[in-house]
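Chemist: Below is one structure. I have some questions about it.
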Amino acid sequence: MKKVAVFGHDLKFISYITDYLTDSFDYQIKIDQWDGHDRHDETKSLELLEWADILFCEWGLGNVIWCQKHKKSNQRLIVRLHRFEMNTRFPALFDYKKIDQLIAISPYIYEEFHRVAKVPREKMKVIFNAVDTQRFAKDKVEDSKFNIGLIGYVPKLKRLDRAIDIFEKLYELDPRYKLYIKGKRPEEVDWVWKRASQREHYKDAFERIQQSKFKEHIFIEGWGDVSEWLKNVGYVLSVSDYESFHLAPIEGMASGAFPVVLQREGVRCVFQEKYIFENIEQAVTFISSKNNKDESELASYVEERFSLQKICEKMDELLRNA
């Protein structure tokens with residue numbers, strides 16, 4: 001049985017994978033939960049490092065720098081990359097003699113880390129994010145086709161303003177439309193709330209909502225069970241300036257909600273062309289048109305490409321051969 005220690009500060013994208021690997025494959029997995037990009041309990045980290053066969057870093061941040069420093073010759077170091085890391089100082093400090101494998105969560109991220117951070121292609125492998133499709137297979141509520149969802153609206157690059165733009169235009173067409181927003185509030189994210197440009201973005205957005213005639217049709221709530229929340233949602237927006245993968249609309253597809261994706265770099269690596277739109281007007285037209293939409297294909301698309309079982313089989317192959 002291989003022993004895997006997972007080091008990282010934000011484990012929401014990896015937790016389903018580690019649980020599945022523990023339950024379905026021959027692994028013992030322990031978690032070293034960090035407090036930030038490079039803040040952790042070093043005593044605990046050293047204990048797990050001594051125990052592990054494989055050191056697995058979720059996100060390529062200070063956890064990688066620490067692990068490559070302390071890694072033993074008989075251990076393997078694997079790093080899973082998203083996108084955020086490219087805007088930090090850490091990739092420039094990677095020691096590729098110590099790092100055995102890097103996982104990019106999409107082909108776009110694979111190429112971007114090579115182009116921007118000079119990560120060697122031969123060290124990288126693409127394994128998509130995983131979706132627990134069974135968790136989202138729940139019946140929709142009546143009239144969910146009039147409910148638009150945005151999952152995660154922090155930081156500013158998630159473009160809450162665009163979500164409001166789309167909803168406002170839909171509301172003018174039909175007042176049955178509602179906008180549901182789910183996620184951490186900006187003041188709950190320390191680095192966001194410290195930046196004036198970020199605070200101003202949310203101040204403007206919230207004031208716009210409060211002063212609008214449709215404010216009673218916008219619902220904002222914190223994190224919780226997204227699979228339950230999606231029962232009420234017929235469309236999930238992906239309107240960010242950039243994303244590495246964007247799990248939220250993929251989870252929406254697994255629930256039977258249509259993705260509505262604005263054009264950005266790398267988006268065609270994940271989403272079908274018919275759900276990608278050049279501008280807000282095209283997105284509104286797609287949502288408001290009730291014709292030629294078959295939600296039955298949505299879950300099967302996710303199952304074939306991103307299901308937890310298939311992604312974990314690929315992860316198992318990588319770990320077994322590490």
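According to full-length UniProt numbering, the stretch in the sequence shown is residues 1 to 322, in order. Quick reminder that beta carbons are idealized off the backbone N, C-alpha and C, glycines included. All figures in this text were calculated on a predicted structure; none of them were measured in a lab.
1) Alpha carbon to alpha carbon, how far is LEU319 from SER45? Give it in angstroms, no decimals.
2) So what does DSSP say about GLN28, is it helix, strand or coil?
3) Can you tell me where the beta strand (DSSP E) holding GLN210 begins and where it ends?
4) With distances taken Cα to Cα, identify the nearest neighbour of GLU58 among TYR180, LYS72, TRP34 and GLN75.
5) Put ILE148 into one of helix, strand or coil per three-state DSSP.
6) How about ASP53 and ARG76: do their beta carbons lie closer than 9 Å?
7) Should the stretch 153 to 171 be regarded as contacting the stretch 120 to 136, the criterion being three or more beta carbon pairs within less than 8 Å?
8) Please say whether ALA248 and ALA299 have beta carbons closer to each other than 9 Å?
9) Counting along the chain, where does the beta strand (DSSP E) carrying ILE78 start and finish?
10) Any beta carbon from chain D within less than 9 Å of TRP34's own beta carbon?
11) According to the neighbour-count rule (16 or more other Cβ atoms, all chains shown, within 10 Å of its Cβ), is ASN279 buried or exposed?
12) Per DSSP, residue 395 is paired with what?
13) Taking all protein chains shown into account, do 16 or more other C-beta atoms lie within 10 angstroms of the C-beta of GLY256, making it buried, or fewer, making it exposed?
14) How about GLY222 and GLY149: are their beta carbons less than 9 Å apart?
15) Can you tell me whether PRO120 is buried or exposed? The criterion is at least 16 other CB atoms within 10 Å of its CB, across all chains shown.
16) Taking the beta strand (DSSP E) that LEU55 belongs to, which residues open and close that run?
17) I'd like the span of the beta strand (DSSP E) that includes LEU179, first residue to last.
18) Exposed or buried, which one is PHE245 when buried takes at least 16 other CB atoms within 10 Å?
19) What residue range is occupied by the uninterrupted alpha helix (DSSP H) comprising ALA299?
20) State the Cα-Cα distance for the pair ILE29 and SER15, rounded to the nearest angstrom.
21) First and last residue of the alpha helix (DSSP H) that includes PHE286?
22) In angstroms, rounded to a whole number, what distance separates the CA positions of GLU313 and LYS12?
23) At what residues does the alpha helix (DSSP H) containing ILE166 begin and finish?
24) Determine, using beta-carbon pairs with one atom in the stretch 139 to 155 and one in the stretch 177 to 193, whether at least three such pairs fall under 8 Å.
25) DSSP three-state label for TYR275, please.
26) Given that a residue counts as buried once 16 or more other Cβ atoms are within 10 Å of its Cβ, and exposed if not, what is LEU262?
27) Going by beta carbon distance, what residues of the same chain come within less than 7 Å of residue 344, once the five residues before and after it are set aside?
28) Compare the Cα-Cα distances from HIS9 to each of TYR20, LEU61 and TYR153 and report the closest residue.
Modeler: Working from what's here:
1) Taking the sequence shown and counting its residues from 1, the one referred to as residue 45 is at position 45. Taking the sequence shown and counting its residues from 1, the one referred to as residue 319 is at position 319. Taking the straight line from one Cα to the other gives about 20 Å.
2) On the sequence shown, residue 28 is found 28 positions in, with the first residue counted as 1. Here GLN28 sits in strand by DSSP.
3) By 1-based counting over the sequence shown, the position of residue 210 is 210. Premise fails: GLN210 lies in the alpha helix (DSSP H), 196 to 210, not in any beta strand (DSSP E).
4) Residue 58 sits at position 58 when you count from the first residue of the sequence shown. Comparing Cα positions, the closest option is TRP34.
5) Counted from its first residue, the sequence shown places residue 148 at position 148. In the structure shown, ILE148 sits in a strand (DSSP, three-state: E or B).
6) Looking up residue 53 in the sequence shown gives position 53. Looking up residue 76 in the sequence shown gives position 76. Against a cut-off of 9 Å, the Cβ pair of ARG76 and ASP53 comes out as a contact.
7) no
8) One-based indexing of the sequence shown puts residue 299 at position 299. One-based indexing of the sequence shown puts residue 248 at position 248. Result no, Cβ atoms of ALA299 and ALA248 do not sit closer than 9 Å.
9) Residue mapping note: residue 78 aligns to position 78 of the sequence shown, counting from 1. ILE78 -> beta strand (DSSP E) spans 76 to 81.
10) Among the chains in the structure shown there is no chain D, since it carries only a single protein chain.
11) Counting from 1 along the sequence shown, the entry for residue 279 is found at position 279. Its Cβ having fewer than 16 others within 10 Å, ASN279 is exposed.
12) Residue 395 lies beyond the range of the chain shown here (1 to 322); nothing can be said about it.
13) As a first step, residue 256 is located in the sequence shown; it is residue number 256 there, counting from the start. Its Cβ being crowded by 16 or more others within 10 Å, GLY256 is buried.
14) In the sequence shown, the residue the question calls residue 222 occupies position 222. In the sequence shown, the residue the question calls residue 149 occupies position 149. Contact: no.
15) Position 120 of the sequence shown, counted from the start, is the residue given in the question as residue 120. It is exposed - the Cβ of PRO120 has fewer than 16 other Cβ atoms within 10 Å.
16) Numbered from 1 along the sequence shown, position 55 holds the residue referred to as residue 55. 54 to 58 is the extent of the beta strand (DSSP E) around LEU55.
17) Position 179 of the sequence shown, counting from 1, holds the residue named residue 179. It spans 178 to 182 - the beta strand (DSSP E) in which LEU179 sits, taken as one unbroken run.
18) Mapped onto the sequence shown, residue 245 falls at position 245. That one is buried.
19) Within the sequence shown, the letter at position 299 stands for residue 299. 296 to 306 is the extent of the alpha helix (DSSP H) around ALA299.
20) Here residue 29 is taken as the residue at index 29 of the sequence shown, counted from 1. Here residue 15 is taken as the residue at index 15 of the sequence shown, counted from 1. Going from the Cα of ILE29 to the Cα of SER15 covers about 11 Å.
21) Indexing the sequence shown from 1 puts residue 286 at position 286. 280 to 288 is the extent of the alpha helix (DSSP H) around PHE286.
22) Against the sequence shown, residue 313 aligns to sequence position 313. Against the sequence shown, residue 12 aligns to sequence position 12. Looking at the two C-alpha atoms, the distance is approximately 19 Å.
23) For this step, residue 166 is matched to residue 166 along the sequence shown. Start and end: 160 to 173.
24) yes
25) Here residue 275 corresponds to residue number 275 of the sequence shown, with the count starting at 1. Note: TYR275 maps to helix in three-state DSSP.
26) Taking the sequence shown and counting its residues from 1, the one referred to as residue 262 is at position 262. When all chains shown are included, LEU262 counts as buried.
27) Given that the chain is displayed from residue 1 to residue 322, the structure contains no residue 344 and the question cannot be resolved.
28) On the sequence shown, residue 9 is found 9 positions in, with the first residue counted as 1. For HIS9, the nearest C-alpha among the options comes from LEU61.
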